[in-house]
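So the structure is just underneath, and the comments pick up after that.
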Amino acid sequence: METQIFSLKLGSRRVPIAGGGRTCAILGLLFIVLLGPFATRAPGQITADQVRRAIANGTAFLKGRQYADGSWGEWEGQRGGITALATLALIESGVPPADPVVQKSLTYLRSIPVDDRRTYSTALIVMALCRAQQEGDRPFIEEHVRWLESTQHQGGAGTGGWSYRDRNGSPDNSNSQFAILALHEAVQARIPVSNDVWERALAFWLGGQHQSGGWGYTPGDSPSGSMTCAGISSLVIIEENRERELPRSVDAIDCCSGSSANGALDRALRFWGERFSPRRNPTTPNDIGASYLFYYLYGVERAGRLSGQRFFGDHDWYREAGEQILALQRPITGGWTGTNGNLAESTPELSTSFALLFLSKGRWPVVAAKYRYDNDNRWDAHPQSLTFLVRNVEMSWKQSLTWQVVDSRNSTVNDLLQSPVLMISGRDSLNLSDAQKQALREYVQQGGFIFAWANNSPGCDATSFDRDFRALVEELFPDNPMQVLGPEHPIWSADKRILPDPRRPLFGVQACCRTSIVYCPADLACLWTWSQSTQRDRLPATVGEEVDGVTQLGINVLTYATGRLLREKLDRPQVASAPSEQSRFRLTIPKLSHDGGADEAAAAWNNLLREAAGWIDQPLASLDSVISADDPNLFQYPLVFMHGRRDFVFSADERESLARFLSDETLGFVFSDSICGSAEFTDAVKREFAALAPAGARWETLPASHPLLSASLRGFDLTNVELRRPDRGADGAMLVRSSKTVAVLDALVLGDRILVVHSPYDLSCSWENGSSVECVTYAPDDAFRIGINVLLYALQE
Numbered sequence: 052m053e054t055q056i057f058s059l060k061l062g063s064r065r066v067p068i069a070g071g072g073r074t075c076a077i078l079g080l081l082f083i084v085l086l087g088p089f090a091t092r093a094p095g096q097i098t099a100d101q102v103r104r105a106i107a108n109g110t111a112f113l114k115g116r117q118y119a120d121g122s123w124g125e126w127e128g129q130r131g132g133i134t135a136l137a138t139l140a141l142i143e144s145g146v147p148p149a150d151p152v153v154q155k156s157l158t159y160l161r162s163i164p165v166d167d168r169r170t171y172s173t174a175l176i177v178m179a180l181c182r183a184q185q186e187g188d189r190p191f192i193e194e195h196v197r198w199l200e201s202t203q204h205q206g207g208a209g210t211g212g213w214s215y216r217d218r219n220g221s222p223d224n225s226n227s228q229f230a231i232l233a234l235h236e237a238v239q240a241r242i243p244v245s246n247d248v249w250e251r252a253l254a255f256w257l258g259g260q261h262q263s264g265g266w267g268y269t270p271g272d273s274p275s276g277s278m279t280c281a282g283i284s285s286l287v288i289i290e291e292n293r294e295r296e297l298p299r300s301v302d303a304i305d306c307c308s309g310s311s312a313n314g315a316l317d318r319a320l321r322f323w324g325e326r327f328s329p330r331r332n333p334t335t336p337n338d339i340g341a342s343y344l345f346y347y348l349y350g351v352e353r354a355g356r357l358s359g360q361r362f363f364g365d366h367d368w369y370r371e372a373g374e375q376i377l378a379l380q381r382p383i384t385g386g387w388t389g390t391n392g393n394l395a396e397s398t399p400e401l402s403t404s405f406a407l408l409f410l411s412k413g414r415w416p417v418v419a420a421k422y423r424y425d426n427d428n429r430w431d432a433h434p435q436s437l438t439f440l441v442r443n444v445e446m447s448w449k450q451s452l453t454w455q456v457v458d459s460r461n462s463t464v465n466d467l468l469q470s471p472v473l474m475i476s477g478r479d480s481l482n483l484s485d486a487q488k489q490a491l492r493e494y495v496q497q498g499g500f501i502f503a504w505a506n507n508s509p510g511c512d513a514t515s516f517d518r519d520f521r522a523l524v525e526e527l528f529p530d531n532p533m534q535v536l537g538p539e540h541p542i543w544s545a546d547k548r549i550l551p552d553p554r555r556p557l558f559g560v561q562a563c564c565r566t567s568i569v570y571c572p573a574d575l576a577c578l579w580t581w582s583q584s585t586q587r588d589r590l591p592a593t594v595g596e597e598v599d600g601v602t603q604l605g606i607n608v609l610t611y612a613t614g615r616l617l618r619e620k621l622d623r624p625q626v627a628s629a630p631s632e633q634s635r636f637r638l639t640i641p642k643l644s645h646d647g648g649a650d651e652a653a654a655a656w657n658n659l660l661r662e663a664a665g666w667i668d669q670p671l672a673s674l675d676s677v678i679s680a681d682d683p684n685l686f687q688y689p690l691v692f693m694h695g696r697r698d699f700v701f702s703a704d705e706r707e708s709l710a711r712f713l714s715d716e717t718l719g720f721v722f723s724d725s726i727c728g729s730a731e732f733t734d735a736v737k738r739e740f741a742a743l744a745p746a747g748a749r750w751e752t753l754p755a756s757h758p759l760l761s762a763s764l765r766g767f768d769l770t771n772v773e774l775r776r777p778d779r780g781a782d783g784a785m786l787v788r789s790s791k792t793v794a795v796l797d798a799l800v801l802g803d804r805i806l807v808v809h810s811p812y813d814l815s816c817s818w819e820n821g822s823s824v825e826c827v828t829y830a831p832d833d834a835f836r837i838g839i840n841v842l843l844y845a846l847q848e
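Sequential numbering from 52 applies to the sequence shown in our numbering.
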């Protein structure tokens, strides 16, 4: 059958259309670009914007309900409880403590007489004042902390728990969890809490655990959702704060033993993985506790965040419960009110505060994830280590962060990419399946970062892990050897300037746009467990200094890996996938080969094409490999892409072929960028294309008024994008300085036609989901906008 050829003229561009051939995709694509509506994302999944709006409306509702005296009303017998809860919710939702509403509430809380103390209200007051961090409040907080210590039950079946008021009542798990939460916040504020309190509390929670793994309101009750969450959170907090035997030296630190609480926590998490529900508080039938939905969901948030669990069973708890909370928000008032006729949660100030605490704290960005690779705990020898490291990162970055566990045995690459850094550690053999290996390879190629170490310390031999991890890296990236990171590497100054320690050397693998894998053959996590403030203060001076050094090393690695730039928790990175072969309209845009690093950011171009395809609602694809400039198939494509980071030279045949591709007859178009802002590659692009272009072609920087930089082609306004440049602070630490600018795009122009568009600043590393303190690059969202605009312009020129 003969193929009919005709042409469609769009501006000055004639695009060949083959009826029934591959190039007919261009016609369908161009009609979509020019005439069709752009795609919208499918409903059914909450987004970060929806959560932000819900929080804004909820905080506005709470502010509007405050009484003239600074309170939000009172619950009988718990004076200050609702007010402290509302204050805490506002602060966690981003309302600054200096806000007049918060200041009025803090003044009110300080005025409550001592004889009105109850466990719930006192605990919440401590939590609110600790988070407010107001000068002069420390004595007031300390007084309340001493009261909570004194009212803990000591003796009898309830030893270690708290009741509603004092030691005369019967302890229960609800009062006890709030006391634990308050004491934990006090420790974070560097207010000491007696170790005896933590030891008694541990015995209380271990003794009250049901054989199934859950907890009820009291030890004799059947497990419920809210109380099981209370037990999980309490075990994590207690284990974090209770004292351990002091080592005489670093070598004397016990890095081989486990914790008595770990088994109980594992049982609880297994039990809860089978029972979790985002819509009700799982409990026994007809139990009144089933109606405490918002109280329960606030407990879910704590249990998930503190234990590092993104999933309970197969449930992504924040997304699923977040959908439920957003669905229950009152559209007119912006507040929440409990259901099922529950008296307490029918108070909107109470329900709204619990909802805000869930939404705000549960969305803290994830900075790292522990990589689980087996059924036992070989992958997690030091369960509290990442908690302490992340807390130190929070203090350095002045940002609330969280971490999580990712189970590699049933995780996709997209699941891994939810965390910018994967932490892999162990002592024994690292026996990964082919699927696990492939997922790790794609994770790194998509911009992920691996931070690994062997749990090698006195008494703990990690030779097997060291051997297997090195072999794994060699297998995954055979062309990128692992090399020692010398003192000149920016990782040693990413947060603060430190010197390499020969006892704990770092090895790195250069993959994609940066050093993407960092490995230490010595145990790091064991020392991180001693970096918690109260534990650190007890250490001998020499041991403490070593703990500080290893902790700073961890902070530096996370800072280098992320550049302090983290995606929001609800942002879902996606792996570029091949479009359906059945797609009728599919445009292929290949990458051009050269000797200057043509495929160093291997996933970048596919990631941009995926985003662009979603924007214009049409499939776009690249080839499985780069295409040579003198390939006869070059002329099948309306445009090609190239990137790199080193000098290169086209051969005579390649120059001749590209000259024909860019000629007025073919009307080809080239789009390129310099990986990591490489000036060497930019110079090569300008030299090579100037040499092969027709006479009269010239390089120029596009002015802000150019259509390519505007939204006129159904793209984006690129006159106010964010450019990030590496810099150093006064102390030598690496910094990233951001500024707003017009997107800088250089064009090779012939008359009124653009032949080549080149970005001298990096786009590819941002497209690859990677952040680096080494590159001059655009913010990821802006990098995608620039790429989409260039594609739209090239197809419509």
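A virtual CB, placed ideally from N, CA and C, is assigned to each residue, including glycine. Keep in mind it's a predicted model, so treat the numbers as computed, not measured.
Item to check | Supposed contact pair Ala-755 and Leu-799 - C-beta distance, whole angstroms, cut 8 Å | outcome: Reading the sequence shown from its first residue, position 748 is the one you call residue 799. Reading the sequence shown from its first residue, position 704 is the one you call residue 755. No, Leu-799 and Ala-755 are not in contact; Cβ-Cβ is about 19 Å, not under 8 Å.
Item to check | Three-state secondary structure (DSSP) of Gln-583 | outcome: Sequence index remark: in the sequence shown, residue 583 carries index 532 (1-based). Coil at Gln-583, not helix or strand.
Checklist entry - Measuring CA to CA, which of Ser-584, Ser-567, Phe-516, Ile-106 is closest to Met-446? => result Residue numbering aside, residue 446 sits at position 395 when the sequence shown is read from its first letter. Minimum Cα distance to Met-446 is reached at Ser-584.
Next on the checklist: Using a Cβ distance threshold of 8 Å, determine whether the region 687 to 702 contacts the region 733 to 741, with at least three qualifying pairs required.
Outcome noted: yes
Next on the checklist: Using a Cβ distance threshold of 8 Å, determine whether the region 312 to 331 contacts the region 360 to 375, with at least three qualifying pairs required.
Outcome noted: yes
Next on the checklist: Classify Ala-93: buried if its beta carbon has 16 or more other beta carbons within 10 angstroms, exposed otherwise.
Outcome noted: Within the sequence shown, numbered from 1, the residue matching residue 93 stands at position 42. Residue placement at Ala-93 cannot be trusted, given a pLDDT of 37 that sits under 50; what the coordinates show is reported in the next sentence. Label assigned to Ala-93: exposed.
Checklist entry - Hey, which unbroken runs of the alpha helix (DSSP H) at 4 residues or more fall wholly within the region 748 to 833? => result 815 to 818
Next on the checklist: Please report the distance separating the alpha-carbon of Arg-189 from that of Tyr-347.
Outcome noted: As a position in the sequence shown, residue 189 is number 138, starting the count at 1. As a position in the sequence shown, residue 347 is number 296, starting the count at 1. Approximately 30 Å, taken between the alpha carbons.
Item to check | Contacting residues, own chain, Cβ-Cβ under 6 Å from Gly-211 (five flanking each side not counted) | outcome: For the purposes of this step, residue 211 is taken as residue 160 along the sequence shown, with counting starting at 1. The answer, listed in chain order, is Arg-251, Ala-252, Ala-254, Phe-255.
Checklist entry - What are the boundary residues of the beta strand (DSSP E) that includes Leu-690? => result The sequence position of residue 690 within the sequence shown is 639, counting from 1. 690 to 695 is the span of the beta strand (DSSP E), which, as asked, contains Leu-690.
Next on the checklist: Are the CB atoms of Glu-352 and Leu-316 within a distance shorter than 8 Å?
Outcome noted: Translated into positions along the sequence shown, residue 316 becomes position 265. Translated into positions along the sequence shown, residue 352 becomes position 301. No, they are not a contact pair.
Checklist entry - Looking at the structure shown, is Phe-722 part of a helix, part of a strand, or coil, going by DSSP? => result Taking the first residue of the sequence shown as position 1, residue 722 is located at position 671. It is a strand residue.
Checklist entry - Quick one, are the C-beta atoms of Gln-184 and Pro-147 less than 8 Å apart? => result Translated into positions along the sequence shown, residue 184 becomes position 133. Translated into positions along the sequence shown, residue 147 becomes position 96. No, the Cβ-Cβ distance between Gln-184 and Pro-147 is not below 8 Å.
Next on the checklist: Does Tyr-829 pass the burial test, meaning 16 or more other C-beta atoms within 10 Å, or should it be called exposed?
Outcome noted: Taking the first residue of the sequence shown as position 1, residue 829 is located at position 778. Classification of Tyr-829: buried, given that the 10 Å Cβ count is 16 or more.
Item to check | Per-residue DSSP class, three states only, for Lys-421 | outcome: One-based indexing of the sequence shown puts residue 421 at position 370. Strand.
Checklist entry - How about Val-495 and Trp-454: do their beta carbons lie closer than 8 Å? => result Within the sequence shown, residue 495 is the residue found at index 444, counting from 1. Within the sequence shown, residue 454 is the residue found at index 403, counting from 1. Not a contact, by the Cβ cut-off of 8 Å.
Item to check | Spatial neighbours of Glu-371 in its chain, beta-carbon cut-off 8 Å, leaving aside the 5 residues before and after | outcome: Within the sequence shown, the letter at position 320 stands for residue 371. Answer for Glu-371: Pro-329, listed in chain order.
Checklist entry - Does DSSP put Gly-413 in a helix, a strand or coil? => result As a position in the sequence shown, residue 413 is number 362, starting the count at 1. Helix, per DSSP.
Checklist entry - Over what stretch of residues does the beta strand (DSSP E) that includes Ala-849 continue unbroken? => result Nothing can be reported for residue 849, as the shown portion of the chain is limited to 52 through 848.
Next on the checklist: I'd like to know whether the C-beta atoms of Ser-673 and Thr-639 end up nearer to each other than 8 Å.
Outcome noted: Position 622 of the sequence shown, counted from the start, is the residue given in the question as residue 673. Position 588 of the sequence shown, counted from the start, is the residue given in the question as residue 639. Yes, they are a contact pair.
Checklist entry - How many angstroms separate the CA atom of Leu-709 from the CA atom of Phe-835? => result For the purposes of this step, residue 709 is taken as residue 658 along the sequence shown, with counting starting at 1. For the purposes of this step, residue 835 is taken as residue 784 along the sequence shown, with counting starting at 1. Each residue's alpha carbon lies about 26 Å from the other.
Checklist entry - What alpha helix (DSSP H) runs, 4 residues minimum, are completely inside the region 184 to 254? => result 189 to 201, 224 to 239
Next on the checklist: In whole angstroms, give me the CA-to-CA distance for Gly-477 and Asp-305.
Outcome noted: For the purposes of this step, residue 477 is taken as residue 426 along the sequence shown, with counting starting at 1. For the purposes of this step, residue 305 is taken as residue 254 along the sequence shown, with counting starting at 1. Going by the C-alpha atoms only, they are around 16 Å apart.
Next on the checklist: Contact defined as beta carbons within less than 8 Å: I believe Gly-559 pairs with Met-533. What is the distance between those atoms, to the nearest angstrom?
Outcome noted: Sequence index remark: in the sequence shown, residue 559 carries index 508 (1-based). Sequence index remark: in the sequence shown, residue 533 carries index 482 (1-based). Contact flag correct, Cβ pair sits at about 7 Å.
Checklist entry - If we ignore side chains and look at the alpha-carbon of each, how far apart do Arg-775 and Leu-843 end up? => result Within the sequence shown, residue 775 is the residue found at index 724, counting from 1. Within the sequence shown, residue 843 is the residue found at index 792, counting from 1. Rounded to the nearest angstrom, the two C-alpha atoms are 25 Å apart.
Checklist entry - Quick one: is the Cβ of Val-495 within less than 7 Å of any heavy atom of the ligand GDP? => result This structure simply doesn't include the ligand GDP, nor any ligand for that matter.
Item to check | Spatial neighbours of Gly-385 in its chain, beta-carbon cut-off 7 Å, leaving aside the 5 residues before and after | outcome: Position 334 of the sequence shown, counting from 1, holds the residue named residue 385. Only Asn-108, Gly-109, Ala-111, Phe-112 meet the Cβ criterion.
Item to check | For Thr-514, the nearest candidate out of Ser-480, Phe-502, Asn-531 (CA to CA) | outcome: For the purposes of this step, residue 514 is taken as the residue at position 463 of the sequence shown. Nearest C-alpha to Thr-514: Ser-480.
Checklist entry - Comparing alpha-carbon positions, which option in Val-464, Tyr-611, Arg-548, Asn-224 lies nearest Arg-492? => result Counted from its first residue, the sequence shown places residue 492 at position 441. Nearest C-alpha to Arg-492: Val-464.
Next on the checklist: Please state whether the Cβ-Cβ distance between Met-474 and Leu-437 is less than 8 Å.
Outcome noted: In the sequence shown, the residue the question calls residue 474 occupies position 423. In the sequence shown, the residue the question calls residue 437 occupies position 386. A contact, by the Cβ cut-off of 8 Å.
Item to check | N-terminal and C-terminal residue of the alpha helix (DSSP H) that Val-524 is part of | outcome: As a first step, residue 524 is located in the sequence shown; it is residue number 473 there, counting from the start. 514 to 527 is the span of the alpha helix (DSSP H), which, as asked, contains Val-524.
Checklist entry - Exposed or buried, what is Asp-813 when buried is set at 16 or more other beta-carbons lying within 10 Å of its beta-carbon? => result For the purposes of this step, residue 813 is taken as the residue at position 762 of the sequence shown. Counting Cβ neighbours within 10 Å, Asp-813 comes out buried, since at least 16 surround it.
Checklist entry - Any idea what DSSP makes of Arg-565, helix, strand or coil? => result Indexing the sequence shown from 1 puts residue 565 at position 514. Here Arg-565 sits in strand by DSSP.
Checklist entry - With a Cβ-Cβ cutoff of 8 Å, do Pro-222 and His-235 count as a contact? => result Locating residue 222 in the sequence shown gives position 171, where the first residue counts as 1. Locating residue 235 in the sequence shown gives position 184, where the first residue counts as 1. No, the Cβ-Cβ distance between Pro-222 and His-235 is not below 8 Å.
Item to check | Cys-181 (DSSP reduced to helix, strand or coil) | outcome: On the sequence shown, residue 181 is found 130 positions in, with the first residue counted as 1. Correct three-state label for Cys-181: helix.
Checklist entry - For Trp-818 versus Asn-658, is the C-beta distance shorter than 8 Å? => result Reading the sequence shown from its first residue, position 767 is the one you call residue 818. Reading the sequence shown from its first residue, position 607 is the one you call residue 658. Closer than 8 Å, so yes.
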